[in-house]
Each structure stands twice: as C-alpha cells, then as structure tokens.
Amino acid sequence: MKKILVLHNRYQQLGGEDIAVDNEIKVLEKHFEIKTLYFENNIENIFSIALSFLINHNLKSTKILKEEIEKFKPEIVYVHNTWFKASLGIFSILKKNNIKTFIKLHNFRYNCTRSFFKSVHLGESNVCKACAMDNKKTLLFNRYFPDSLIKSIFVNIYGKKYYKILMSKNSRIFVLTDFHKNFLEIKKEFKGSVSVLKNPIVAPVISKQLSTSENYILYAGRLSDEKGVKVLIESFLNSKLKEFKLKIVGEGPLYSELFEKYKNSKAVEILGQMSNEKVLNLINDSKAVVTATQLYEGQPTLLSEASLLGVPSIFPKTGGISEFFDINYPLSYEQFNYKDLVEKLNLLLDLDLVNKIGIKNRTYIQNSMNEEIYIERFKNIIDE
2 MKKILVLHNR
12 YQQLGGEDIA
22 VDNEIKVLEK
32 HFEIKTLYFE
42 NNIENIFSIA
52 LSFLINHNLK
62 STKILKEEIE
72 KFKPEIVYVH
82 NTWFKASLGI
92 FSILKKNNIK
102 TFIKLHNFRY
112 NCTRSFFKSV
122 HLGESNVCKA
132 CAMDNKKTLL
142 FNRYFPDSLI
152 KSIFVNIYGK
162 KYYKILMSKN
172 SRIFVLTDFH
182 KNFLEIKKEF
192 KGSVSVLKNP
202 IVAPVISKQL
212 STSENYILYA
222 GRLSDEKGVK
232 VLIESFLNSK
242 LKEFKLKIVG
252 EGPLYSELFE
262 KYKNSKAVEI
272 LGQMSNEKVL
282 NLINDSKAVV
292 TATQLYEGQP
302 TLLSEASLLG
312 VPSIFPKTGG
322 ISEFFDINYP
332 LSYEQFNYKD
342 LVEKLNLLLD
352 LDLVNKIGIK
362 NRTYIQNSMN
372 EEIYIERFKN
382 IIDE
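Start counting at 1 in the sequence shown, then tack on 1, and there's your number in my numbering.
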C-alpha cells in the first residue's frame with residue numbers, strides 16, 4: 002500500500018477548499034496509507050512571519066515537514082494550499098528528498114499573483130475573471146488585495162516564486178476541470194504536466210430533516226462583491242418568487258452591510274457562518290441552491306453537495322462549472338445577464354421541473370464522479 006503525505010494550509014474561515022480536501026482524504030484513506038500535515042494561518046510572531054514572506058521559507062513549517070518525512074517516509078506528497086504558513090520552502094525539501102510530488106490547484110490565485118505589474122495580471126482584460134481585479138481601480142502595481150498594499154507585495158513575492166515552481170515540472174499538477182487544464186496548457190511550459198482530477202463525491206451525512214414547509218433557496222459561500230451576492234439578492238427580489246425566501250450563509254467583507262440592510266426582511270435572511278453539517282441540512286431542505294459568482298470557479302462544493310442531495314443548482318456559465326452538470330442543463334444562465342438569472346429563478350415555480358432536475362443531477366454526479374472513478378483516475382496518474 003503506497004504511503005501518501007497530504008499537505009494543506011487551512012484557510013482562516015472554513016471554505017469549500019478545506020471541505021474538499023477533507024473529503025478527498027476520506028476517500029484516499031480507503032486505498033492508501035495516508036498521513037495528513039495541516040498548517041494554520043495563526044500569527045504568533047509578526048517578525049518571523051514577515052521574514053518568511055520575504056524569503057518564501059517558513060523555517061518552522063519546513064522543520065515539521067522534514068520530521069514528518071523522516072518518520073513516515075512517504076512515497077508521494079500531495080500538496081494543496083500552501084499560502085501562507087506552509088510556505089514555498091516545502092518544495093525545496095521535497096525536491097531534495099526526491100519525493101514524487103503532486104499539486105492540486107483549486108483556484109487561479111497562482112496566475113493572478115505571478116507579477117508585480119497589473120499589465121501581466123490582466124493582459125488585455127479590464128477585469129480579471131479569476132479574482133475580480135478591476136483595471137480602473139489600480140495603477141501600475143498588481144494590487145491583489147485592494148485593501149492592503151503590504152499584503153499585495155507579500156503575495157506577489159510568493160506568487161512569482163510559486164509560478165516558477167509550477168512551471169519547473171518537478172511536480173505534477175492536478176486541476177478540477179478541462180477548462181482549467183486548457184487555461185494552463187496555452188503556455189508550453191505546462192504541456193504534459195497537467196491532469197484533470199475532479200474532487201471525489203462523498204455522500205453528505207444529513208443529521209436530521211428540518212421538516213419545514215418554508216420555501217427557500219440557498220446561497221452558501223463568501224459574502225463579497227466578486228461572488229455576486231448583491232446582484233443575486235437584487236435578482237431574487239425582482240423574480241416572481243414572492244412566496245420564497247433567499248437564505249444566505251457565510252462571512253466576508255459584505256456581511257455587516259447585508260445583515261443591517263436585511264435584518265428585518267421577510268424575503269432575505271443573512272445567517273452568517275455555519276458549520277458544514279448545518280449547511281448540509283439547509284441544502285437538503287431547500288428548493289434550490291444558487292450562485293451569481295463573477296469569477297472562474299473550480300468545483301463548487303455547494304453545487305456538488307446539492308446535486309448529491311437531489312437539489313437543483315442555478316449558476317452562471319463560467320469557467321468549468323458546467324462540466325459538473327449534464328449537457329444543456331436548464332438552470333444555468335449567461336454570466337452577468339441578470340435578466341436571464343431572474344428567468345431561471347422563476348422556473349423554480351414549476352415544482353415538477355424542480356424535482357426532475359434534482360433527480361437528474363443526483364444521477365449524473367453519482368455516475369460520473371463517484372469514488373470508484375476518482376480512485377481509478379488517481380491511481381493511473383500517480384503510476385505514470
């Protein structure tokens with residue numbers, strides 16, 4: 002049985018990527034000897050953190066990795082997020098120990114932060130579809146974090162080196178969609194080093210039925226402009242779903258504003274951060290889940306979990322989202338066309354259609370992204 006060390010830097014706020022990594026580990030543990038190495042972005046010493054940003058090497062993290070390699074002796078290291086406590090110093094350790102390494106890219110941050118210059122980031126676009134940077138809101142500098150120049154400098158230092166690591170071919174790259182694979186392979190440096198490996202679908206555990214007669218649709222995710230939360234609310238309020246409620250779960254820069262605005266609303270409910278267990282119960286009892294993201298997305302956890310529970314999803318045609326649904330899916334809409342979004346929301350009034358779509362989504366995802374398919378794909382790639 003192969004020994005695999007899985008490395009992941011958790012986010013400060015639990016997100017879809019953290020959940021996806023945990024689910025993937027549950028599947029891998031059935032077929033391999035797995036050891037996990039998690040890092041947390043708690044700030045213990047601001048000076049050591051600043052130094053690690055500047056040199057892209059966290060001495061404490063690499064020491065932990067060295068000790069784990071010594072004890073566990075992995076044949077493969079499977080890397081997810083490394084920002085920022087894990088640091089890029091881990092790749093030097095892996096290369097030195099000649100350990101076969103795979104990196105999964107859950108998002109496009111690596112492409113957005115690979116230069117100090119806005120022109121490299123945006124190219125000929127006015128708005129980045131990966132992070133929503135607006136050409137009009139910044140000058141020459143690639144200000145990835147609009148509210149922090151210092152953080153932007155640090156993440157660009159990090160991103161420049163990380164991009165070189167990805168191009169070096171010392172590691173094999175996993176992405177979640179054909180769209181992302183094609184996005185990378187436009188550059189010859191990535192040819193032959195990128196494979197599509199969708200996250201395995203793990204059946205959600207529903208602790209209880211909410212047993213409510215309430216009609217509602219659900220958004221769960223980051224509350225930010227680039228996730229389209231405001232336009233989603235506006236579209237919902239412009240729809241014919243007058244007997245429905247829109248429930249919104251999550252935290253982010255818009256939370257306080259939205260909570261104050263809708264705290265007395267009977268149509269919109271801002272619920273804040275919730276555990277994955279509670280979110281699953283909300284999905285299970287909803288009529289549909291919805292996103293109005295303005296970005297490229299990988300494999301949205303919310304939509305995958307909804308499909309497994311037989312709940313329809315409404316989403317924009319962007320990036321690779323459509324790859325997780327059947328061809329000619331009836332509830333996807335043209336991105337940024339909010340009239341189209343309203344029309345798709347109105348389709349939820351047809352409960353027979355809603356039930357049929359939910360059943361079809363569950364069948365599709367169970368047949369195309371089950372554990373057996375995932376493991377067979379994973380084994381084939383790591384044995385190449």
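The C-beta atom is built at its ideal place from N, Cα and C for all residues, glycine as well. These numbers come from a predicted model, not from an experiment.
Taking residue 292 as the centre and dropping the five residues before and after it, the same chain places the C-beta of 316 closer than 6 Å to its C-beta, in chain order. The Cβ neighbour count for residue 254, taken over all protein chains shown within 10 Å, is under 16; the residue is labelled exposed. Exposure of residue 214 is indicated by the presence of fewer than 16 other C-beta atoms within 10 angstroms of its C-beta. The Cβ atoms of residue 10 and residue 102 do not sit closer than 9 Å to each other.
If the five residues before and after residue 104 are omitted, its C-beta is found closer than 6 Å to the C-beta atoms of 80, 172 and 174, all from its own chain and listed in chain order. For the pair residue 375 and residue 149, the Cα-to-Cα distance works out to about 39 Å.
Within the model, the alpha-carbon separation for residue 66 versus residue 77 is close to 13 Å.
Taking the C-beta atoms as reference points, residue 301 is found nearer than 9 Å to residue 222.
Nearest C-alpha to residue 4 among 26, 364, 91 and 19: 26. Look at residue 206 here: in three-state DSSP terms it is coil, with no helix or strand label.
When C-alpha distances from residue 346 are compared across 356, 333 and 357, the shortest belongs to 333. For residue 73, the closest of 36, 108 and 85 by C-alpha to C-alpha distance is 36.
In the structure shown, the three-state DSSP call for residue 269 is strand. For the beta strand (DSSP E) assignment, the uninterrupted runs of no fewer than 3 residues enclosed by the region 167–248 are, from N- to C-terminal side, 173–176, 195–197 and 217–221.
Rounded to whole angstroms, the Cβ separation of residue 270 and residue 246 is 6 Å, and the two are in contact under 8 Å. Cβ neighbours of residue 236 within its own chain (closer than 8 Å, five residues either side excluded): 293, 339, 342, 343 and 346. Taking 9 Å as the cut-off, the Cβ atoms of residue 355 and residue 281 do not count as close. For residue 7, the three-state secondary structure derived from DSSP is strand.
Per the Cβ contact rule, the region 109–125 is not in contact with the region 92–101 (fewer than 3 Cβ pairs under 8 Å).
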